[in-house]
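**Student:** Encoded as structure tokens, here's the structure I'll be asking about.
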Ligand SMILES: Cc1ncc(COP(=O)(O)O)c(C=O)c1O
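The structure is reproduced here in structure tokens:
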């Protein structure tokens with residue numbers, strides 16, 4: 003009896019400590035945590051391993067991640083080139099590129115090499131000191147655009163915030179405007195911060211988040227008369243109000259792949275010249291080669307913006323954003339704007355690798371060629387099925403195929419079925435399927451994706467017909 007009591011006491015007091023010790027030793031062994039600190043001493047549990055089993059990941063999300071996205075229940079485990087693989091080993095042709103971001107595809111040797119080499123040197127220092135990679139990336143961007151100076155941040159919304167602040171400061175200090183007004187387009191998309199959703203001319207992104215940032219007015223995209231009338235009313239409204247900027251995408255991405263007309267783009271330029279306001283181009287989705295030119299505005303002969311923003315493809319999937327402007331509009335001084343991470347060595351090393359790929363891999367020509375191929379395959383499909391395909395729009399490798407109302411199929415239906423059949427695409431609105439593959443995509447990959455798209459459409463249309471019978 004006494005022996006049993008002694009064993010139980012040992013189990014209660016010593017065994018837990020002993021087993022915790024063993025667990026922690028094993029954890030250190032597997033996680034390489036080294037000798038400093040231990041789980042007992044910190045009182046913090048070790049993070050669980052990132053197991054890519056979809057059920058476990060899904061549960062982790064359900065319990066711990068805010069529910070701000072509609073997600074497909076799949077877990078991507080790795081990728082190479084234009085292909086991604088899920089945790090069950092299924093292969094996908096990636097025509098989504100992390101939403102027009104992974105311009106070099108996945109595991110690109112130049113990007114991998116640049117990031118690991120930078121980690122071996124230094125990955126973050128802050129903007130209190132010179133960062134050679136930031137200087138070099140700024141130089142490349144300035145040398146290859148209409149801009150003279152760059153400010154670095156981490157995302158598209160932040161880059162747009164920087165441009166909005168720049169335009170407001172320019173209006174206050176150079177145009178003597180007390181209440182600066184910025185015009186953006188209806189159906190535009192500029193990001194999810196409070197000011198970026200205000201700039202975004204779509205009520206669905208603003209709902210429930212008011213009061214919004216004051217000083218924004220909206221105009222129908224590509225409507226020159228409406229734009230001129232709005233400018234007239236702002237300039238004559240008194241109370242210190244005045245036009246500070248017109249901010250627009252050269253092609254509306256989230257708004258359904260709609261390019262600006264030359265006349266609209268030209269009118270924006272003319273109005274900005276007449277009033278002194280800034281012409282700002284949001285190049286977050288169109289920039290860094292997506293349209294077959296380095297910047298979307300370069301598709302409009304002899305028209306240059308005063309400032310533009312970039313993100314997404316700038317780091318090939320490593321978070322980085324930038325706002326660039328001409329010297330005349332560079333009114334920022336020390337303390338006016340900042341970002342702890344903005345332009346850090348790691349992100350800029352990625353940006354430099356992407357920039358290098360543009361010069362060594364002829365990405366722009368490939369973007370134009372593959373874009374032409376994709377649109378001509380889509381046109382053949384439209385000719386065969388005019389009752390299903392309404393329109394084909396795009397430049398380079400940002401393309402949208404719009405479905406007719408009458409066919410009854412939605413962009414979400416097509417995306418879901420394509421995912422099942424091994425192709426990733428992103429809807430851009432309820433009826434537009436967006437094709438934004440990596441800019442390294444091959445002829446065979448475009449053929450394959452478009453053939454799977456044709457099959458998916460046929461299946462969905464047939465299903466609807468069968469259900470009606
Ligand atoms: C044109 C445009 N601007 C801004 C953004 C916002 O970029 P981010 O999500 O990096 O903040 C996006 C994102 O889709 C975009 O397409």
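Residue numbers (the working numbering): 3 to 471.
Note that the Cβ used here is the ideal one computed from N, Cα and C, for glycine as well.
Quick one: using the 10 Å Cβ neighbour count with 16 as the cut-off for buried, is residue 457 buried or exposed?
**Tutor:** exposed
**Student:** Here's the rule: buried if 16 or more other CB atoms are within 10 angstroms of the residue's CB, otherwise exposed. What is residue 367?
**Tutor:** exposed
**Student:** Starting from the Cα of residue 144, find the closest Cα among 93, 311, 222 and 451 and give me that residue.
**Tutor:** 311
**Student:** State the DSSP-derived secondary structure class of residue 135, mapped to helix, strand or coil.
**Tutor:** helix
**Student:** Whole alpha helix (DSSP H) runs in the segment 317 to 374 with 4 or more residues, listed along the chain?
**Tutor:** 347 to 362
**Student:** Given that a residue counts as buried once 16 or more other Cβ atoms are within 10 Å of its Cβ, and exposed if not, what is residue 90?
**Tutor:** The residue in question, residue 90, is exposed, as its Cβ has fewer than 16 Cβ neighbours within 10 Å.
**Student:** Could you check whether the Cβ of residue 91 sits closer than 7 Å to any heavy atom belonging to ligand 1?
**Tutor:** no
**Student:** At which residues does the beta strand (DSSP E) containing residue 182 begin and terminate?
**Tutor:** 181 to 187
**Student:** Could you spell out where the beta strand (DSSP E) holding residue 219 opens and where it closes?
**Tutor:** 218 to 221
**Student:** Grab the span of the beta strand (DSSP E) containing residue 434 for me, first residue to last.
**Tutor:** 434 to 437
**Student:** So the beta strand (DSSP E) residue 404 belongs to, where does it begin and stop?
**Tutor:** 400 to 405
**Student:** Ligand 2 and residue 158: does the residue's C-beta get closer than 7 Å to at least one heavy atom of that ligand?
**Tutor:** With respect to ligand 2, the structure offers nothing, as its ligand set consists of ligand 1.
**Student:** With respect to 7 Å, is the separation between the Cβ of residue 192 and the closest non-hydrogen atom of ligand 1 below this value?
**Tutor:** yes
**Student:** So residue 245 is in the beta strand (DSSP E); what residue range does that whole segment cover?
**Tutor:** 243 to 251
**Student:** Do you know whose CA, among 171, 285, 210 and 305, lies nearest residue 244's CA?
**Tutor:** 171
**Student:** Any idea if residue 119 is buried or exposed, counting beta-carbon neighbours within 10 angstroms, 16 or more meaning buried?
**Tutor:** exposed
**Student:** Could you tell me how far apart the beta carbons of residue 356 and residue 290 are, in whole angstroms, since I believe they sit closer than 8 Å?
**Tutor:** About 7 Å; that satisfies the 8 Å criterion.
**Student:** What is the rounded straight-line gap between the Cα of residue 102 and the Cα of residue 287?
**Tutor:** 6 Å
**Student:** Relative to the alpha-carbon of residue 173, which residue among 217, 114 and 190 has its alpha-carbon at the smallest distance?
**Tutor:** 217
**Student:** Can you name, in chain order, every residue of its own chain whose Cβ lies under 8 Å from the Cβ of residue 131, other than the five neighbours on each side?
**Tutor:** none
**Student:** For residue 153, which three-state DSSP category applies?
**Tutor:** strand
**Student:** In the DSSP output, what is residue 397 paired with across the bridge?
**Tutor:** 400
**Student:** What did DSSP end up calling residue 258 once you bin it into helix, strand or coil?
**Tutor:** coil
**Student:** Any beta-carbon of chain C closer than 8 Å to the one on residue 229?
**Tutor:** Checking the listed chains, one finds no chain C in this structure; it contains a single protein chain.
**Student:** For residue 378, count neighbouring Cβ atoms within 10 angstroms of its own Cβ and tell me buried if that reaches 16, exposed if not.
**Tutor:** exposed
**Student:** In the structure shown, what three-state DSSP assignment does residue 462 receive?
**Tutor:** Note: residue 462 maps to helix in three-state DSSP.
**Student:** Hey, is residue 255 close to ligand 1, as in C-beta under 7 Å from one of its heavy atoms?
**Tutor:** yes
**Student:** Quick check on this structure: which residue in 70, 59 and 413 has the alpha carbon closest to the alpha carbon of residue 256?
**Tutor:** Residue 256 has its Cα closest to that of 413, out of 70, 59 and 413.
**Student:** Please classify residue 98 as buried or exposed, where buried requires at least 16 other C-beta atoms within 10 Å of its C-beta.
**Tutor:** Burial is judged here by how many other beta carbons sit within 10 angstroms of a residue's own beta carbon; residue 98 has at least 16 and is buried.
**Student:** Counting C-beta neighbours from all protein chains within 10 Å, is the total for residue 411 16 or more, i.e. buried, or is it exposed?
**Tutor:** buried
**Student:** Terminal residues of the continuous alpha helix (DSSP H) containing residue 200?
**Tutor:** 196 to 201
**Student:** Would you decide whether residue 260 is buried or exposed? Buried here means 16 or more other CB atoms lie within 10 Å of its CB.
**Tutor:** buried
**Student:** Pop quiz: residue 83 and residue 107 are said to be a contact at Cβ under 8 Å. What is the actual Cβ separation, rounded to whole angstroms?
**Tutor:** 5 Å
**Student:** Can you name, in chain order, every residue of its own chain whose Cβ lies under 6 Å from the Cβ of residue 451, other than the five neighbours on each side?
**Tutor:** 95, 97 and 425
**Student:** Could you pull out every unbroken beta strand (DSSP E) segment of at least 3 residues lying fully inside the segment 79 to 147, listed in chain order?
**Tutor:** 85 to 88 and 93 to 96
**Student:** With a threshold of 7 Å, establish whether the CB of residue 2 neighbours any heavy atom of ligand 1.
**Tutor:** Residue 2 falls outside the range modelled here, since the chain spans only 3 to 471, and no answer is possible.
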